[in-house]
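Quick note, the sequences are listed as chains A and B, same order. Position 147, counted from 1, in the first sequence is what my numbering calls 211; the numbers after and before it change by one each time, with no gaps. Position 295, counted from 1, in the second sequence is what my numbering calls 764; the numbers after and before it change by one each time, with no gaps. Note that beta-carbon positions come from the ideal geometry of N, C-alpha and C, so glycine has one too. The structure appears below as structure tokens.
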Amino acid sequence: MKPAPFTYHRPETLDDALDLLATHGDDAKVLAGGQSLIPLMALRMGRPGHVVDIGRIAGLDSITVGADGDVTIGALVRHEQTRTSTDVATHAPLIATAMPWVAHRAIRSRGTVLGSIAHGDPAAEMPAVVLATEPTLIARSSSGVREIAAADFFHGYLDTALRADEILTEVRFPAWSPNAVGAVVEVARRHGDYALVGMAAMLTVDGDTISSAALAYFGAASTAIRVPDAEQALVGATVSADTFDAAAAIVSAELSPPPDIHASAAYRRHLAGVLTVRGLSAATAEIGADA
Amino acid sequence: MTAPGHPQARENRSGLVGQSVRRVEDDRLLTGAGVFVADRNPDGVLHAVFVRSPLAHARITSIDVAAARRAPGVVAVITGAEMAEMTHPFPPFLMLPGLYTPLFHALSADKVRLVGDPVAVVIAESRYLAEDAADLVDVDYEPLPTVASIAEALSPTSEPLWAKAGGNVMMDHTDTFGDVDAVFAAADRVITERFDCPRQSNQPMETRGSLVEVDAATGHLTIHNATQSSHLLRWAVAALTGKQRTTTALKRFITNKQRRRAFFAGAKQFVGTNRDGLKEQDNAGPLAQLKKDRSFLGHMNKIAVGLLGKDDYPTVKAQDIGGGFGSKGPVAREDIALAAAATSLGRSVKWIEDRTENLMDGGQAREESLTVSIAVDSDGTFRAMRVDLIIDQGAYPGFPIGAPLITKMMKVMFPGAYRWDAFEIRSRVVATNKGRYIPYRGPWANETWARERMIDVVADALGMTPAEIRLHNMIGADDLPTSMVTGPSIDETMSTKQTLERALELIDMDQFERDRVAAAASGRRLGLGIACYHEAAPGPPEFWDCIHPGTGMLTPEEAHTTVEADGSVLVYTQQMPHGQSHETTYAQVAADELGVRIDDVTIVSGDTDRTPFGFAGTGGSRGGPIGAGAVRTTAREVRRQLIESAAGMLEASPDDIEIVDGNIHVAGVPARGVTVAEVARRAADDGASGDLHGAPFEVADVYNGAGDGGWSVATHVCIVDIDLGTGLVTFPRYLVVEDCGPIIHPAVVDGQVRGGVAQGIGAVLYERTTYDEDANLQAATYMDYLVPTAMEIPEIEVHHLETLSPGENDFRGVGEGGMVGAPAAITNAIEHALGARVTTQYLPPTKILELAGVIVPG
């Protein structure tokens, strides 16, 4: 279980890193926290000829809050950093909510939030959080900067809009509305495993009426996926068990999750519905208490 | 947690035995100072990587290693055909009627039989370079139809794995006890159910590994290996890597002085030790006497060493080992290949198995199909049981212990702690294109699972509760002594019924029923499961001969206890600790016997040049009863000798002398004493020097556990809480009432029980060695083979009864029972919770919701 031979690069500047990617293209891989790349290389399932370690590049490890409350996360921000950040808790609370579900502390302490997004694992939490909260994803290459909308980012299984010569350097999450509530729920075989199915939900609620809804599922398709029909069923409805049950029925009917050795398709479809109800109930629990 | 007030609970002991003293191993292991095989990196060591088959079943049409041999850093590439020239095939170990045991070599040359089958070994200057070169080995395979399941193996049209076996059924044998047909015909009802246990894997934290060091001057091999049995490995390497013609072997025996000397020394010692027995009129001959020979193993070792195929016998040294659960008992093909490669190269070679190799062929277990019929009267009285057992042994049989012997263990233990008039078991072993089936902690455990599951099925059919039907049929104290229908005698140490009664006292059934109703209102289901068993730990003297005549000869175990000239005590054991705390518990036993401090005692294990001979190593829950018995027996004799020596110095009668904290004195007069060190120094100065270790005091003896009932028993009761939304199972309560007799170290016993239960929870809820329909391994990493972590394991209450046994040494084994009882208790609880029949041992969330009728099986 040793990787195939590769050339290791550790550039000191972002420009140098981008030049290396421009030179080596598909034969290069970006290394940040290494929690996905290194195991794949050790199993020789990934055999990049060049590994570009961005760990020494200054300025990529910050969480910044913009003037209007948007939160920008850099490429070297570790999961654990967002779990403990008061800025994230205040301005991008759905990320903080997702963090306890992400693997184990040792993995969270090394793995990066943007690395998880760029890897695009369909059963991971962060891609679903991205779909639910609709941040802007900023990719840089030696030829320039590109802003990618969340909805356009995930293309397929471990496949994203990023080009081989690009690094996902920042993700800018929009300001959290005062009327917004959210939840992340999932079921995994064991604590810290990839989810069998999970859901990241963000709602805005006026009084007890839902004014917008984003339901993003993970472990339910070849990428994280939203279910617009269920969202539309929620908008305009009141916060109630019946409302959530109706949304859950749509989710279970519309998703076609793949089976694997850990769970059948029928189980995952059922679970997506159960988690819809539980996630929406958790998200609106305080609203219910106030009412 | 002991059981206060139980009539047979033991009085508090003075001294070390019975106390949870601080573990001797902990300072070393917890500070990272342990030395495992992987930690050894001698200068210039080479690294081995095995080239493994990507196909489950195929003929090798060609193998091209030219590119690999030219690769950077490569020293050698050895193919299966070349290995066959260097080594003997693994021999059949157990001769059973109707058993076909295939011969196979360390590497495969003509045919591969599982994904991961080794076809070549690459030896290079680093593991990286060896893996790179392994990629360059070009093997052409001609795929064959695969055999991926028991059902396929039973089909007469399945592609045979072994041409000479006549199909894929390797063994088909029926054992009958009593007039089964008549009892079945006379019983009120016959109830039948089939239970299937999917494949699991022993998963020690440390994988297998071996470092074969070659002495440049002499060629002598020193093998550092993560083995549970260092002497067995030594023998196997000596026997299998010294390939030569029989005539050459004979010639070498005749011309080699060392061999002749070893052979005749062993024979002479045997005759000397057994002179009286051999002369007896009713003696049935030397073979019968061999079984009575207390030093049988040592004598046979000397005799056999003389006959083995190698002039120089390797030294095996095992030090710290990160668990085994049975997987490091068998001798692996890789062990032999590595020793042969090092021998041929004259250079040291190391191999550390990676986790994927370990999941492919580091040892798999438990895949069994068990159809159980119980003949029962309407009042719930069990009359007879019939079992149809099929074990899927995978591609290559485990060596030396594999599925055939395990069918025999299951045969003996299947009736459990219940009364039966008759019993019959048909045992079949089939070959499939999967990993090697080997013993896994409680190798016979599925007899308990299937029986205890079936008892709940019968109770349900008769309208009885699981507790009622068990109490009605279980052998109680009033029935003892008696015998199991399968042969072994049982005495008061078989206290299973008391553990059940105690467990039922500890559960508030009324509260459980209230909780059950409340849970149902919130989409949850609660269930309560009971499982009872007894296990031979070590069992009565005839136990192993009931399993298979002759295997009882392996029971005795030798220990040496010495006092060095500085007063330190060394205890030499053939046990091979790999997580069981021998260094602490044996030191407790020896220190208590001798009257010295625990710090004065050191346990020596794992080094075949220093430790007594024995094949068993550590396994079979023998460490407490047999191993500790041998320690106690030898320490007791050393104490006698110390007191005798001191008596002259103290001018007192030996009868009046005691040893306390290493001080030997007349009882009650500690001030007028001498120390153990002073006595030892004087003996050394007087020239006392033992034959074995050169110590002034030295006692070697063999202990066989004879006279002890030797049963270790328990009842497990668990309550499960099932979320019908998710299918997740949690355990509001898990309790074990166990009786392993007097306890040496309570925390170690609790740890053994809890670890076993954790693996049982793993078996039911998490762990499965999944193969697809073409026998491709689907769970080749820890992302897919799910070992439960601390997060998944509940608090496990352990309660103890401590029934004394009539024997001299009343410690009984406890290493396996937790794993034996847990799957039955958990699956019984799940059936109770869901009200749906549970016939498989593996119940992931999907299966739970299918059983509950929440989702449709897919």
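Segments assigned beta strand (DSSP E), at least 3 residues, entirely inside the region 1058–1096 of chain B: 1070–1073
Contact list for V115 (chain A) against chain B, beta-carbon separation under 9 Å: By 1-based counting over the first sequence, the position of residue 115 (chain A) is 51. Ordered by position in chain B, no residue passes the 9 Å Cβ test against V115 (chain A), which lies about 15 Å from the chain.
Cβ of S328 (chain A) within 9 Å of any chain B Cβ: Translated into the one-based positions of the first sequence, residue 328 (chain A) becomes position 264. Yes, S328 (chain A) lies at the interface with chain B (some Cβ there is under 9 Å from its Cβ).
Cβ pair S964 (chain B), D1279 (chain B) closer than 9 Å: In the second sequence, the residue the question calls residue 964 (chain B) occupies position 495. In the second sequence, the residue the question calls residue 1279 (chain B) occupies position 810. No, Cβ-Cβ distance for S964 (chain B) and D1279 (chain B) is not below 9 Å.
DSSP bridge partner residues for K786 (chain B) (one or two, in chain order): Counting from one through the second sequence, the residue named residue 786 (chain B) turns up at place 317. The partner list for K786 (chain B) (beta bridge, DSSP) reads B:H693, B:D1076.
Closer than 9 Å to chain A by CB, T1199 (chain B): Stepping through the second sequence from its first residue, residue 1199 (chain B) is reached at position 730. Not an interface residue.
Beta-carbon proximity of T200 (chain A) to A213 (chain A), cut-off 9 Å: Your numbering for residue 200 (chain A) matches position 136 in the first sequence. Your numbering for residue 213 (chain A) matches position 149 in the first sequence. Yes, the Cβ-Cβ distance between T200 (chain A) and A213 (chain A) is below 9 Å.
Exposed unless 16 or more other CB atoms sit within 10 angstroms - verdict on Y72 (chain A): Your numbering for residue 72 (chain A) matches position 8 in the first sequence. Classification for Y72 (chain A): exposed.
Alpha carbon of T1042 (chain B) to alpha carbon of A1028 (chain B), nearest angstrom: Reading the second sequence from its first residue, position 573 is the one you call residue 1042 (chain B). Reading the second sequence from its first residue, position 559 is the one you call residue 1028 (chain B). So the two alpha carbons sit approximately 5 Å from each other.
Where V1323 (chain B) meets chain A, residues with beta-carbon distance less than 8 Å: Taking the second sequence and counting its residues from 1, the one referred to as residue 1323 (chain B) is at position 854. Ordered by position in chain A, the residues that pass the 8 Å Cβ test against V1323 (chain B) are H334.
Burial state of M674 (chain B), where buried means 16 or more other Cβ atoms lie within 10 Å: To locate residue 674 (chain B), count along the second sequence from 1; it is residue 205. M674 (chain B) is exposed by the Cβ-count criterion.
Nearest residue (CA-CA) to A1000 (chain B), options B:I938, B:Q672, B:G1019, B:P1046: To locate residue 1000 (chain B), count along the second sequence from 1; it is residue 531. With distances taken between Cα atoms, A1000 (chain B) lies closest to B:I938.
Residue closest to L565 (chain B), alpha-carbon to alpha-carbon, out of B:G932, B:T530, B:A872: What you label residue 565 (chain B) is simply residue 96 of the second sequence in a count that begins at 1. Here the closest residue by C-alpha is B:A872.
Proximal residues of chain B, C-beta to C-beta of R254 (chain A) below 8 Å: The sequence position of residue 254 (chain A) within the first sequence is 190, counting from 1. The answer, in chain order, is Y1235, L1255, P1257, T1258, M1260, E1261.
Contacting residues, own chain, Cβ-Cβ under 8 Å from Q750 (chain B) (five flanking each side not counted): Your numbering for residue 750 (chain B) matches position 281 in the second sequence. Any answer about Q750 (chain B) is weak, because its pLDDT of 48 lies below 50 and its placement is not dependable; what the coordinates show is given next. Excluding positions up to five away in sequence, the list is empty.
Contact belief for D665 (chain B) with S838 (chain B) at Cβ below 8 Å, rounded distance in angstroms: As a working note, residue 665 (chain B) is residue 196 in the second sequence. As a working note, residue 838 (chain B) is residue 369 in the second sequence. Yes, D665 (chain B) and S838 (chain B) are in contact; Cβ-Cβ is about 5 Å, under 8 Å.
Contact set between the region 67–79 of chain A and chain B, restricted to residues whose Cβ is under 9 Å from the partner: P67, A68, P69
Close Cβ partners of T1144 (chain B) (< 8 Å) along its chain, the five nearest in sequence each way excluded: By one-based count along the second sequence, residue 1144 (chain B) stands at place 675. Closer than 8 Å at the Cβ level, and outside the excluded window around T1144 (chain B), lie G1036, G1131, N1132, I1133.
C-beta contact flag for V591 (chain B) and V608 (chain B) at 9 Å: On the second sequence, residue 591 (chain B) is found 122 positions in, with the first residue counted as 1. On the second sequence, residue 608 (chain B) is found 139 positions in, with the first residue counted as 1. No, Cβ-Cβ distance for V591 (chain B) and V608 (chain B) is not below 9 Å.
Residue-chain proximity (T1309 (chain B), chain A), Cβ-Cβ < 9 Å: Taking the first residue of the second sequence as 1, we reach residue 1309 (chain B) at position 840. Taking Cβ atoms only, chain A never reaches closer than 9 Å to T1309 (chain B), which makes this a no.
CB contact below 9 Å: T1327 (chain B) versus chain A: Position 858 of the second sequence, counted from the start, is the residue given in the question as residue 1327 (chain B). According to the sequence provided, residue 1327 (chain B) is Gly. The question's Thr does not apply to it. So yes, G1327 (chain B) belongs to the interface.
C-beta neighbour in chain C for T1195 (chain B), strict 9 Å: Here chain C cannot be found, since the structure's protein chains are A and B.
Among A:L158, A:D216, A:A312, the one whose alpha carbon lies nearest that of A239 (chain A): Position 175 of the first sequence holds residue 239 (chain A). Among A:L158, A:D216, A:A312, the Cα nearest to that of A239 (chain A) belongs to A:L158.
CB contact flag (T348 (chain A), F237 (chain A), <9 Å): In the first sequence, counting from the first residue as 1, residue 348 (chain A) sits at position 284. In the first sequence, counting from the first residue as 1, residue 237 (chain A) sits at position 173. No.
Start-to-end residues for the beta strand (DSSP E) that takes in R658 (chain B): Stepping through the second sequence from its first residue, residue 658 (chain B) is reached at position 189. First-last of the beta strand (DSSP E) with R658 (chain B): 658–666.
Residue-level contact to chain A via CB, A988 (chain B), 9 Å cutoff: Within the second sequence, residue 988 (chain B) is the residue found at index 519, counting from 1. No, no contact with chain A.
G283 (chain A) beta carbon less than 9 Å from that of A265 (chain A): On the first sequence, position 201 is the one that residue 265 (chain A) refers to. On the first sequence, position 219 is the one that residue 283 (chain A) refers to. Not closer than 9 Å, so no.
According to DSSP, residues forming a beta bridge with G533 (chain B): By one-based count along the second sequence, residue 533 (chain B) stands at place 64. Note that residue 533 (chain B) corresponds to Asp in the displayed sequence, not to Gly. Beta-bridge pairing links D533 (chain B) to B:D607.
Residues bridged to A356 (chain A) [DSSP beta-bridge criterion]: With chain A represented from 65 up to 355, any question about residue 356 (chain A) goes unanswered, as that position is not in the structure.
Residues from the region 228–258 of chain A in contact with chain B, defined by Cβ distance under 8 Å: V251, R253, R254, H255, G256, D257, Y258
Sheet register partners of N1132 (chain B) (DSSP bridge): Here the question's residue 1132 (chain B) lines up with position 663 in the second sequence. According to DSSP, which records beta bridges pairwise, N1132 (chain B) is partnered with B:V1129, B:T1144.
With 16 other Cβ atoms within 10 Å as the buried cut-off, status of N637 (chain B): The residue you call residue 637 (chain B) lines up with position 168 of the second sequence. When all chains shown are included, N637 (chain B) counts as buried.
Neighbour flag for E600 (chain B) against chain A, beta carbons, 9 Å: The count along the second sequence starts at 1 and reaches residue 600 (chain B) at position 131. Chain A, which has a Cβ nearer than 9 Å to the Cβ of E600 (chain B), makes this yes.
Sheet register partners of A545 (chain B) (DSSP bridge): What you label residue 545 (chain B) is simply residue 76 of the second sequence in a count that begins at 1. DSSP output for A545 (chain B) lists B:I592 as bridge partner(s).
Whole beta strand (DSSP E) elements within the region 252–293 of chain A, 3-residue minimum: 259–270, 273–282
Contact set for L1303 (chain B): own chain, Cβ-Cβ below 8 Å, skip 5 residues either direction: Looking up residue 1303 (chain B) in the second sequence gives position 834. Once the five neighbours on either side are set aside, the close Cβ partners of L1303 (chain B) are R994, G996, I1191, I1317, L1320, A1321.
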